[in-house]
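Taking it in order: structure first as structure tokens, then the write-up.
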Amino acid sequence: MKKKDDVIISISTYKHENLHFAVGYSNNRKIVRIALPQKSLEEAVYEISKYHPKYHLSNENNNIAQKISSMYFGENLDFDLNLLELDLGESFPERSTLKTSFERKVILEVAKIPYGCVLTYKEIAKSINSHAYRSVGTAIGKNPFPIVIPCHRVIRSDGKVGGFGGGTPMKVEMLENEGIKINKSLKISDSK
DNA sequence: GATTGACGCCGAG
DNA sequence: CTCGGCGTCAATC
Numbered sequence: 008m009k010k011k012d013d014v015i016i017s018i019s020t021y022k023h024e025n026l027h028f029a030v031g032y033s034n035n036r037k038i039v040r041i042a043l044p045q046k047s048l049e050e051a052v053y054e055i056s057k058y059h060p061k062y063h064l065s066n067e068n069n070n071i072a073q074k075i076s077s078m079y080f081g082e083n084l085d086f087d088l089n090l091l092e093l094d095l096g097e098s099f100p101e102r103s104t105l106k107t108s109f110e111r112k113v114i115l116e117v118a119k120i121p122y123g124c125v126l127t128y129k130e131i132a133k134s135i136n137s138h139a140y141r142s143v144g145t146a147i148g149k150n151p152f153p154i155v156i157p158c159h160r161v162i163r164s165d166g167k168v169g170g171f172g173g174g175t176p177m178k179v180e181m182l183e184n185e186g187i188k189i190n191k192s193l194k195i196s197d198s199k
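Start counting at 1 in the first sequence, then tack on 7, and there's your number in the numbering used here.
Structure below.
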């Protein structure tokens, strides 16, 4: 009997401006994880393979990886969320980082934030009827689909950009690529 | 239970 | 403005 966790995923990559993007797919063609851009191909692939050790590299679907890189660099593109395997808890019980309903609620709420806009961790918590601001941050930190699920658009209530898995500088860069102004003390400068 | 957070709020310097 | 300190609650051990 085949364990679900043994599925072999395929990883496709795309390079732009010396940054390597990687996307992992399950055998049903859904995206199981997106890697933030890395300086080398090996690092980009590792960001996927550390959650899904059984994989092969593929050149199929790297148009998607290319699209994701365009979004990273600030293009305002629509992305079909149906391409994402949001049900990771079921499909990949061991590797999942979206196990609980709380985490899924948070991620789905973040998915609604439009291009060029930001919300605070507190606002996300409020919209899912919770006061667990810190837990919202922790859940967003596990986002398997960065860039597409715009976790970089969630900031602190004091106006600072806050933490980010790929480092605060990357978060700043992504926000600036969307036209959001950020001053030297890492605060969003009001764009009115 | 105890510890740990990509947080929030307030008060003291 | 920076820093503690405490509040808060989901996840993890």
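Where a beta carbon is used, it is the ideal one built from N, C-alpha and C, also for glycine.
The Cβ-Cβ distance between Ile18 and Ile71 does not fall below 8 Å.
Taking 8 Å as the upper bound for CB-CB distance, Ile75 and Val155 are in contact here, some 6 Å apart. Taken in chain order, the whole alpha helix (DSSP H) runs of length 4 or more contained in the region 50-105 are 69-79 and 95-98. For the pair Ser134 and Lys119, the Cα-to-Cα distance works out to about 11 Å.
Pairing Ile189 with Val14, the inter-Cα distance amounts to about 42 Å.
Under the criterion of beta carbons closer than 8 Å, Gly186 and Gly148 do not qualify as touching, at roughly 25 Å.
Rounded to whole angstroms, Lys194 and Gly81 show a C-alpha spacing of 19 Å.
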